[in-house]
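Quick note on the working numbering: the sequence shown kicks off at 143 and runs consecutively.
Scroll down for the structure; my scribbles are underneath it.
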Amino acid sequence: MTCSFTVKNKLVAKIFRDIAEILEIKGENYFRIRAYEKASQNIESLPDDIEAFVKEDKLKDIPGIGKDLEEKIKEIVSTEKLDYLEKLKKDIPEGLIEILNVPGIGPKTAKLLYEKLDIQDVVMLERMAHAGKIRDLEGMGEKTEENILAGIELLKKTRERLDLKVAMDVAEGFVTQLEKLKDVKKINPAGSLRRMKDTVRDIDVLISSSNPQKIMDVFTTLPDVKNVIAKGPTKASIRTKDNIQVDARVVDELSYGATLMYFTGSKEHNIKLRQLAIKQGLKLNEYGIFKAEKRIAGKTEEEMYKTLGLSYIEPELREDRGEFEASLKGILPDLVKIEDIKGDLHMHSTWSDGGNSMEEMVIKSRELGYEYIAITDHSQGLKIAGGLNTHELDLKRKEIDKLNKKYKNIKILFGSEVDINSDGNLDYPDSVLQEMDIVIAAIHAGFKQPSSFITERIIKACHNKYVNIIAHPTGRLWGSRDAYDMDFKEVFKAAKDTNTALEINSFPERLDLNDINSRMAKEAGVKIVINTDSHIVGNLSMMKFGVAVARRAWLEKNDILNTAIFSKLKLKNLGVLPI
Ligand code: DGT
Ligand code: CA
């Protein structure tokens, strides 16, 4: 009972607090804002169930609650939401609400960031902080930037589902510490992380050892553990200091493959596996495959699949999306690998909103072994992100020419990420675009337009003869902005007809196109490009997340534009490439 009433009280308090914050961002009347703040505080500290106040018609007894708020509380208690808040949310960018969730950022700061730097979502906030653009605002400094970055990290870890990068970092932390133990024979992350899903709920780790008790003792007392949820002789669950759940399980070597297969999932894949076993008169569980009572497989996953008459299925494909049929027919795709990627065709520098110079980006890209990169700073309309005017483009081009002379073993392409304006026109005229080696077009505004408008804008961009790539085609930002509505079929058709590649953006919050859309794009004959959209050198290593999406989309090397060596790189305006 105590639980249910605190939940309702908390909900009302949260809704009123959200309203106060949005009103403050919108610059509304101070007294109205204070009224919501006060009501929120009073309800949060109420010792009794707010529903009882509604039933007994005593809401007005709560300090700060007048007629208007009384009606709103009744609506929240009966419907668990408030129409007024939903309407208010439509007046400000979706991502701004997420920004308010960053620890340490209140409505005043959010408003300042929005007005001065047009920061509308957490990804943009992170970029601007990395690029050192926030320190110059009134009342801010380098320390504020550091605090904002720390707050963003924390926010990412407290989301209901973690993004792939956070999940991988946490899992690697645990694996690195556990694999040092001599009792650990094998260790693997399992679950959705091993399948490289774009978001992950919790971390599953599987270990093979003949001394499970020791492993359990070490696992549950590692420095990052906040509390132990459950601990048995072979399995345990803990919560990290950032509230992330990690489950570990120890099995013996004979069943390691079977258990790894089971805990890698997906659930749908597992169900099909079991059905397949039953059809063959076998029993499959997390300990192995059994014929009568005899275990005939279990040590490795390869052996498990083979025993069922299947070729090995990569974890990224285990979603029951046709992998069994393909495996039985021997036509599973030869999935693209990170080593297949020959260059990164979307990145920024200090010429626009990046945090590193072009030369620093070049040096790091060379370290990663790339044959070519494209430095694609923002276009003139995106002033807030330091978009380049035509004079600056000339200067940038000259600097790229110099860099190309200085660094012989990497080709640096001169390009731009050009805004597709709200009316569908590109932010530079064709006369400017034709001077570039590569043109990326992207939507950065007008997200809330109806589907037909957005679709039309993207199609028009595809038809521009200088546009090579549509970047982050659906605009989604995990945690702060949903994908915008568009007609994929129409976009795929235009992309194919005009030989325009669609991007898988490797930013963990984007990973857009996603796995399902990328696979549909391939089936529609569209080329995919995997880029990092790096804004600092540290971002360049995110390519692996984009590759993961491609693999989950069944893509092979030849489906990806930037797996080509430089001389085979097919860009529309190939003629102007500095070969
Ligand atoms: P998540 O955690 O929501 O990101 O996704 P998963 O896939 O990691 O799911 P989780 O952690 O609940 O379970 C890990 C694996 O265990 C899952 O991928 C498949 C297996 N599993 C869990 N529950 C079931 C079940 O009810 N039936 C079967 N066949 N397998 C299950
Ligand atoms: Ca999981």
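Backbone N, C-alpha and C fix where the C-beta goes; we use that ideal spot for every residue, glycine too.
Residue from the options whose Cα sits closest to the Cα of residue i
i	options	result
M489	D657, M503, G399, I480	M503
S334	V689, L459, F361, Y398	L459
K724	I386, R176, L474, N498	The shown model of the chain, from 143 to 721, leaves out residue 724, and the question about it has no answer.
I646	A636, N659, K635, F634	N659
D536	W493, K548, N563	W493
L450	R463, H411, L424, L224	L424
V312	K525, V360, L242, K383	K383
R159	A194, G248, V689, K229	G248
A155	E467, E212, G281, D359	E212
Y626	I585, E435, L545	I585
H605	E513, D344, V370, E632	E632
I192	P457, I218, A177, D210	I218
G281	I505, A273, L254, R269	L254
I290	N243, V326, V317	N243
T616	K607, K590, A372, E179	K590
V609	D701, D624, S573	S573
A643	P650, I601, D624, W620	I601
M685	F361, V370, L306	L306
N- and C-terminal bounds of the beta strand (DSSP E) containing residue i
i	result
K431	According to the sequence shown, residue 431 is Ile rather than Lys. Looking at the DSSP string, the run of the beta strand (DSSP E) that includes I431 is 430-433.
V388	387-393
D122	It is not possible to answer for residue 122, since the shown part of the chain is limited to 143 through 721.
D561	553-561
V671	670-673
I247	Segment: none, I247 is in no beta strand (DSSP E) and carries neither H nor E.
Cut-off 6 Å between Cβ atoms - residues of its own chain near residue i, not counting five sequence neighbours on either side
i	result
G667	K638
G528	S494, D495
S709	none
N681	T674
V128	One cannot answer for residue 128 here, as it falls past the ends of the chain, which runs 143 to 721.
I185	N151, V154, A155
A690	M338
Alpha-carbon to alpha-carbon, residue j and residue i
i	j	result
S521	L530	5 Å
Q576	E534	16 Å
D346	G283	40 Å
E543	F556	It is worth fixing the name first, because residue 543 is Asp in this sequence and not Glu. Those two C-alpha atoms are separated by around 9 Å.
V265	D340	16 Å
I167	D233	10 Å
P571	A636	21 Å
R337	K479	14 Å
V560	N641	18 Å
V581	L320	46 Å
R437	R303	37 Å
K441	R416	17 Å
E598	D569	16 Å
H411	G566	43 Å
P235	I611	26 Å
L697	S622	28 Å
E228	I239	12 Å
T221	E170	27 Å
A378	A603	53 Å
T722	I380	Lying before the first or after the last residue shown, residue 722 is absent from the chain, which here runs from 143 to 721.
E406	E445	Note that residue 406 corresponds to Thr in the displayed sequence, not to Glu. The straight-line gap from Cα to Cα measures roughly 16 Å.
M628	F634	11 Å
Segment limits, alpha helix (DSSP H) that includes residue i
i	result
G281	Per DSSP, G281 belongs to no alpha helix (DSSP H) and is neither H nor E.
N659	657-665
F173	172-186
P354	354-361
V736	Since the first residue of the chain shown is 143 and the last is 721, residue 736 is not available in this structure.
I596	593-605
K436	Premise fails: K436 lies in the beta strand (DSSP E), 436-439, not in any alpha helix (DSSP H).
A400	398-406
Other residues of its chain near residue i: CB distance less than 7 Å, five sequence neighbours each side excluded
i	result
V308	K298, K299
L402	N330, A332, L348, E443
P354	P375, T376, V392
Distance cut-off 6 Å: residue i Cβ against heavy atoms of ligand 3
i	result
V668	Among the ligands modelled here, namely ligand 1 and ligand 2, ligand 3 does not occur.
Counting only runs that start and end within the stretch 461-488, where is the beta strand (DSSP E) found for 3 or more residues in a row? Taking only runs of at least 3 residues, no beta strand (DSSP E) segment lies wholly in the stretch 461-488.
Return the chain-ordered ranges of every alpha helix (DSSP H) run that is complete within the stretch 255-316 and spans a minimum of 4 residues. 264-272, 284-300
Can you give, in chain order, each stretch of the alpha helix (DSSP H) that sits fully within the stretch 670-709 and has at least 4 residues? As summarised for the stretch 670-709, the continuous alpha helix (DSSP H) elements at least 4 residues long and confined to that stretch are 685-694, given in chain order.
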